[in-house]
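The next block holds one structure in the form of structure tokens; read it before the comments.
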């Protein structure tokens, strides 16, 4: 895969966030999307390819899954990028505001634990060790508390903020409850900030979507995870064959039904994302949908646009 600098495509996403903040949903020859920083690179790549193919501009914000749903359910955006399914409170907000929507699965992710390249002691952590580090009230602050064979090295933690779907998914799988986490770590909705944090700390440990590790694998090391069947590295292959458990997950784009109804541009863009799923996901360094999964999403598209 082609390597890019840390802020390559993601600086572009951040720039588009500023544009998106001033754009309402639908109309004007512009499609507005906001939400997950994990899904952002997928939709950004889709937007670039769509524009190259003669489509309209698509603005892509990265306010986090929760922040994206807030805007989406307020009717401000056409699309909401999400690294988890919409929750009950967000569903209620959409219903309160009369916002109907369609959920599309667009890719698969392998949520990745990363350490500094100077870390030559940890190659694999068990789910139990990750839980000991990240559970609410945890006082683990040194690598030798994780494993006595590890050195006396301060443990510096970096992770998504509470608006992030990645935070929800990780805490649910590792700590047994969405949102259950220690709070004394450096949090950010911008995964680039987390990348730079781990890069700058010899004892750093962080987690975010696989594509951000792929973008920065020259400056970070990915940890294998033992979910009970031995250590497995995050990769396209292990996410697709479900051996990277429990941290492989589906990624979504939600589309307002009214945007489907009112905007041919929105209909064209969503169809483009599904028809070109493999090339977009591969270029953006995600796990593409299987043929069966694409067919399922296209059937949902046909129902939404008929």
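Numbering (the numbering used here), first residue to last: 17 to 322.
Even glycine gets a Cβ: it sits at the ideal position worked out from N, Cα and C.
{"Asked": "Could you spell out where the beta strand (DSSP E) holding residue 126 opens and where it closes?", "Found": "117–126"}
{"Asked": "Between the beta-carbon of residue 128 and the beta-carbon of residue 250, is there less than 8 Å?", "Found": "yes"}
{"Asked": "For residue 130, which of 222, 116, 109, 294 has the nearest alpha-carbon?", "Found": "222"}
{"Asked": "Can you check which of these residues, 278, 317, 300, 280, is closest to residue 291 by C-alpha distance?", "Found": "317"}
{"Asked": "How far does the alpha helix (DSSP H) with residue 63 in it reach, from first residue to last?", "Found": "56–68"}
{"Asked": "So, is residue 113 buried or exposed, given that buried needs 16 or more other C-beta atoms within 10 angstroms?", "Found": "exposed"}
{"Asked": "From the DSSP output, in three-state form, read off residue 79 for me.", "Found": "coil"}
{"Asked": "Could you pull the DSSP bridge partners for residue 49 from this structure?", "Found": "76, 95"}
{"Asked": "Tell me, please, which residues DSSP counts as bridged to residue 293.", "Found": "None, per the DSSP bridge assignment."}
{"Asked": "Looking only at its chain, what residues have a beta carbon closer than 7 Å to the beta carbon of residue 287, apart from the 5 residues adjacent to it on each side?", "Found": "317"}
{"Asked": "In chain order, what are the residue ranges of uninterrupted alpha helix (DSSP H) at least 4 long that sit wholly in the segment 117–198?", "Found": "143–150, 159–162, 181–191"}
{"Asked": "I need the DSSP call for residue 260, collapsed to helix, strand or coil.", "Found": "coil"}
{"Asked": "Rounded to the nearest angstrom, how far is the Cβ of residue 300 from that of residue 227, given a contact under 8 Å?", "Found": "6 Å"}
{"Asked": "If you reduce the DSSP assignment to three classes, tell me which class residue 270 lands in.", "Found": "strand"}
{"Asked": "Using three-state DSSP, classify residue 84 as helix, strand or coil.", "Found": "helix"}
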